[in-house]
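Visitor:
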Amino acid sequence: MLGAAVLPSVVMGAGMFLLPESPRYLIQKGRVKDAEEVLQKISGSTNVEKELREISDTIEAETQYSSQGFLHLARQVLRNPPVMRAIAIGCALQAFQQLGGINTVMYYSTTMIKMSGVRNNTTAIWLSCIPSFMNSAFALVSMAIVERLPRRRLLLSTLLGTIIGLSHLGGAYYAIG
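Mapped onto this note's numbering, the consecutive letters of the sequence shown carry residue numbers 1398 to 1574.
1) Spatial neighbours of Pro1528 within its chain, please: CB distance less than 8 Å, with the 5 preceding and 5 following residues excluded, ordered by chain position.
2) For Tyr1571, name the three-state secondary structure that DSSP assigns.
3) Can you tell me the Cα-Cα spacing of Ile1510 and Ala1402, whole angstroms?
4) What span of residues does the alpha helix (DSSP H) with Glu1459 cover, start to end?
5) Quick check: what's the CA-CA separation for Leu1475 versus Ala1485?
6) Can you list, in chain order, the residues of its chain whose CB lies under 8 Å from that of Ile1452, leaving out five sequence neighbours each side?
7) DSSP state of Leu1552, grouped into three classes?
8) Considering just the uninterrupted stretch of the alpha helix (DSSP H) at Lys1438, what are its terminal residues?
9) Can you look up Arg1482 in the DSSP assignment and give me helix, strand or coil?
10) Alpha carbon to alpha carbon, how far is Tyr1462 from Ser1440? Give it in angstroms, no decimals.
11) I think Gly1487 touches Leu1563, with their Cβ atoms under 8 Å apart; what is that distance to the nearest whole Å?
12) Quick test of your reading: Val1538 and Leu1551, contact by CB under 8 Å. State the CB separation rounded to the nearest angstrom.
13) How about Val1435 and Glu1418: do their beta carbons lie closer than 8 Å?
14) Between which two residues does the alpha helix (DSSP H) holding Ser1506 run?
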């Protein structure tokens, strides 16, 4: 069963040899004609000049910025309050995600189910599919409602749900000893 996870990796690894070079890479190496051919092949359109210009403009802008040096750019970013606020919020959300423990529950759900008294491995595996299914189902629900509801309300309500769920889980394990 564990070896079955190798198959997608092997297919993906073999498929990488069939992929064309990145148009961005080709433009950086001065192979604009090759980049145009790859873009035409990928997009199915013969009119890719606009996209080629955008890629070239991005490379040119990055070259300009990189000539200023990393520390100069970092100082500019760190002195910009809206950017700093976005960075702080992103880091805090990631910390809540990691420190919240829900990843541990997802990864070790089969072991946790067995610890709760289920002796049959097959039953434990199937029962561990329930949290995974719920995670997938509510990811679809969240994609459907994320643009309609305020993100702050969604964040706080899901955080509250996570706190309640993990508290119940911890309390259950504490009760069974």
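Every residue, glycine too, gets a C-beta built ideally from N, C-alpha and C.
Guide: If we stick to the structure as given:
1) For Pro1528, the CB contacts under 8 Å within the same chain, skipping 5 residues up- and downstream, are Val1502, Met1503, Ser1506 in chain order.
2) Of the three classes helix, strand and coil, the one that applies to Tyr1571 here is helix, per DSSP.
3) Per the coordinates, the alpha-carbon of Ile1510 lies some 22 Å from the alpha-carbon of Ala1402.
4) Residue range 1446-1465 is occupied by the alpha helix (DSSP H) that includes Glu1459.
5) Between Leu1475 and Ala1485, the C-alpha separation is close to 11 Å.
6) Sequence-distant partners of Ile1452 (beyond 5 residues in either direction) whose C-beta falls short of 8 Å from its own C-beta, in its chain, are Pro1420, Arg1421, Ile1424, Ala1432.
7) For Leu1552, the secondary structure class from DSSP, reduced to helix, strand or coil, is helix.
8) Here the alpha helix (DSSP H) through Lys1438 covers 1429-1440.
9) Three-state DSSP puts Arg1482 in a helix.
10) Cα-Cα distance, rounded: 30 Å.
11) Actually they do not touch by this definition, with Cβ atoms about 22 Å apart.
12) Rounded, the Cβ-Cβ distance is 11 Å, inconsistent with contact.
13) Contact: yes.
14) Counting along the chain, the alpha helix (DSSP H) containing Ser1506 begins and ends at 1506-1512.
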